[in-house]
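Visitor: This structure is in structure tokens; I'll ask about it shortly.
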Amino acid sequence: MSAPAIERSDICAIVVTYFPKASCADNLVALAPEVGRILIVDNGSGAAAFAPVQAAAERLGATIMRLGRNLGIAAALNVGLKFAREQGLQWIATFDQDSQVTPGMVGEMTRALTSYPQPERIAIVTPCHVDRHLGFTVRDRDNEAAGEGWRVIRSTMTSGNLLNVRIATAVGGFDDSLFIDYVDHDFCLRLRRHGYRILEATRATLLHSLGAMERRLFLFKRVTVTNHGVVRHYYRARNRLIVWRRYKRYEPFWVIRDMRRFLFETVYVVLYEREVGAKLPMILRGLRDGMRDVRGPLTLGS
10 MSAPAIERSD
20 ICAIVVTYFP
30 KASCADNLVA
40 LAPEVGRILI
50 VDNGSGAAAF
60 APVQAAAERL
70 GATIMRLGRN
80 LGIAAALNVG
90 LKFAREQGLQ
100 WIATFDQDSQ
110 VTPGMVGEMT
120 RALTSYPQPE
130 RIAIVTPCHV
140 DRHLGFTVRD
150 RDNEAAGEGW
160 RVIRSTMTSG
170 NLLNVRIATA
180 VGGFDDSLFI
190 DYVDHDFCLR
200 LRRHGYRILE
210 ATRATLLHSL
220 GAMERRLFLF
230 KRVTVTNHGV
240 VRHYYRARNR
250 LIVWRRYKRY
260 EPFWVIRDMR
270 RFLFETVYVV
280 LYEREVGAKL
290 PMILRGLRDG
300 MRDVRGPLTL
310 GS
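Residue numbers (the working numbering): 10 to 311.
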């Protein structure tokens, strides 16, 4: 069966902010022609940092919800999902504050969905994520199937995705106990467990910033170093263990590949990143808490 056309008016962009840079306002301006409306969910930014975004939102007629404190990416996305459901919207488009759409991106994503043979099984349509500084494409190299303008992949990062509101609600939304990092992979793997699939629109491009990416030479091979902040290494290690435990029976191939990725990423931290003396203890603490099934925000000093 062919997919019904997705109207621009059916799409609400959810932009999650946390002390955004001034460039976030430009990202909102680029986003506005692609979607029917914009909801900005702010995770406790200060007034000065949020001022350029607020001014842009007022010019664009966007809705703002300020949560007052940092509840994490998953909780903010769930606020957006609830808003879209209450407004009777069929699709949300999820964005980080530092991502910028390219012209026609959403149109390419809807065309990919239309051309896929079983559109009713698609919960997420994702673009190709290109690092805006290096021009490097961040993507899952493996796919289950491919066609003209699309690939079926196992998981994707959150930013830039078109997400079916009905399906996302049916599987329980995002797991806010993870707070940040691996919220996206957990959600994708849960969708797959329920029989849904993630479709990459290979002709759609999102400019994205994943940490402060650098390309380095490792054993005669170019590798990518993300240079995430110290605390992010805690969440990435902790939540990886939680996600591995949840899906090892259902997605063993994905879990084994991610274990391998984790080992290499840790080696790259030691060899190439700054603040190694602070990052390695955070990785170890994350592994410890992951084994104990600790959830929620990190409490420093505990």
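Think of the CB as a built atom: it goes at the ideal place given N, C-alpha and C, for glycine as much as any other residue.
No experiment lies behind these values; they were computed from the predicted model shown.
#1: Which word fits Tyr-259, buried or exposed, when buried means at least 16 other C-beta atoms lie within 10 angstroms of its C-beta?
#2: Taking the beta strand (DSSP E) that Met-74 belongs to, which residues open and close that run?
#3: With a threshold of 8 Å, are at least 3 pairs of Cβ atoms found where one atom belongs to the segment 68–87 and the other to the segment 180–197?
#4: Could you pull out every residue in the same chain whose Cβ sits closer than 8 Å to the Cβ of Gly-77, ignoring the five residues on either side in sequence?
#5: With a cut-off of 8 Å, do at least 3 Cβ pairs link the segment 55–68 to the segment 278–295?
#6: Just checking my contact of Val-25 with Asp-151 at CB under 8 Å: how many whole Å lie between their CB atoms?
#7: Work out the CA separation of Ala-34 and Val-174 for me, nearest whole Å.
#8: Does the beta-carbon of Leu-208 have 16 or more other beta-carbons within 10 angstroms, so that it is buried, or is it exposed?
#9: Are there 16 or more other CB atoms within 10 angstroms of the CB of Thr-119, so buried, or fewer, so exposed?
#10: Just grab the DSSP bridge partners of Asp-51 for me.
#11: Let's see if you can read the secondary structure: which residues bound the beta strand (DSSP E) around Pro-136?
#12: From what residue to what residue does the alpha helix (DSSP H) around Leu-122 run?
#13: Which class does Arg-201 belong to by DSSP, given the choice of helix, strand or coil?
#14: Is Thr-103 closer than 8 Å to Gly-158 when the C-beta atoms are compared?
Guide: The answer reads as follows:
#1: exposed
#2: 72–75
#3: yes
#4: Gly-53
#5: no
#6: Not really, about 28 Å apart at Cβ, beyond 8 Å.
#7: 26 Å
#8: buried
#9: buried
#10: Thr-26 and Arg-75
#11: 131–140
#12: 114–124
#13: helix
#14: no
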